[in-house]
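Here is the structure we will look at.
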Amino acid sequence: DVVYTPVVKATDKYCGHLCDQYDFEPIVIILSIHLIPSQILNTLSNTDALSYMMLLSPDHWAQAVFFLDPKIIEGSLSKELLPTLIAIEHTFNNQKQLLFGLEKKDDFTVKLLYRIAKKTLENQVKKEEKTVDALLDVCSNAESQFKRILDAV
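In structure tokens:
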């Protein structure tokens, strides 16, 4: 609630400005890296066409307001090729520094997001930091694989 109230208020204000200034009601998509609190989730409804989003009735300040969070997209992650918004939500909510550590690392949109981030940040991250981060990710992935093997035995 601490995060969502300001986000929804700011979105409402921005959309109101678009309505007033341009006589246009936008379609809003809110991506969340955290689960949406139940008091907000209870105000959302399912969408028939887009099962990976929940809809908020906007009361005349937008055509539609869609929410995505890790739980909402969970059922859609089994698809071979992820819809673009699911790929974006999945990438943002996992917050992995390296593509290697991401479950859907072979998805086109996920790869594209990482290429964009790499190009944007390549001058801001020192070589040593990249190496350490890569090693930490490899260790973390190896640990989780060993745990899965032990659980299977």
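Number 130 in the working numbering belongs to position 130 of the sequence shown; there are no gaps in the numbering. For each residue, glycine too, the CB sits at the ideal point set by N, CA and C.
Taking the straight line between their C-alpha atoms, what separation do you get for residue i and residue j?
i, j, result
"Tyr114", "Ser32", "18 Å"
"Ala117", "Val7", "24 Å"
"Lys9", "Phe146", "45 Å"
"Leu68", "Cys139", "30 Å"
"Asp23", "Glu143", "55 Å"
"Asp151", "Ile30", "37 Å"
"Leu44", "Ile88", "21 Å"
"Asn94", "His17", "33 Å"
"Ser78", "Leu136", "27 Å"
Decide if residue i is buried, meaning its Cβ has at least 16 other Cβ atoms within 10 Å, or exposed.
i, result
"Val28", "buried"
"His90", "buried"
"Phe100", "exposed"
"Asp20", "exposed"
"Ile149", "exposed"
"Asn46", "exposed"
For residue i, report the span of its alpha helix (DSSP H) as first-last.
i, result
"Ala64", "Not the alpha helix (DSSP H): Ala64 falls in the beta strand (DSSP E), residues Ala64 to Leu68."
"Val28", "Careful: Val28 lies outside any alpha helix (DSSP H), inside the beta strand (DSSP E) at Ile27 to Leu31."
"Leu121", "Phe108 to Leu121"
"Gln39", "Ser38 to Leu41"
"His90", "Thr84 to Asn94"
Which same chain residues end up closer than 7 Å to residue i when comparing Cβ atoms and leaving out the 5 residues on each side of it in sequence?
i, result
"Ala62", "Cys15, Glu25, Pro26, Ile27 and Val28"
"Asp12", "Trp61"
Counting only the same chain and skipping the five closest in sequence on each side, list residues whose C-beta sits under 6 Å from that of residue i.
i, result
"Ser76", "Tyr52 and Ile86"
"Thr84", "Thr109"
"Ser96", "Note that residue 96 is Lys in the sequence shown, not Ser. Leu102."
So, are the CB atoms of residue i and residue j less than 8 Å apart?
i, j, result
"Leu102", "Asp133", "no"
"Pro70", "Leu35", "yes"
"Ile73", "Met54", "no"
"Lys104", "Val110", "yes"
Between which two residues does the beta strand (DSSP E) holding residue i run?
i, result
"Leu55", "Met54 to Leu56"
Output needed for residue i: all residues of its chain with C-beta closer than 8 Å, excluding positions within five of it in sequence on either side, in chain order.
i, result
"Leu81", "Asp107 and Phe108"
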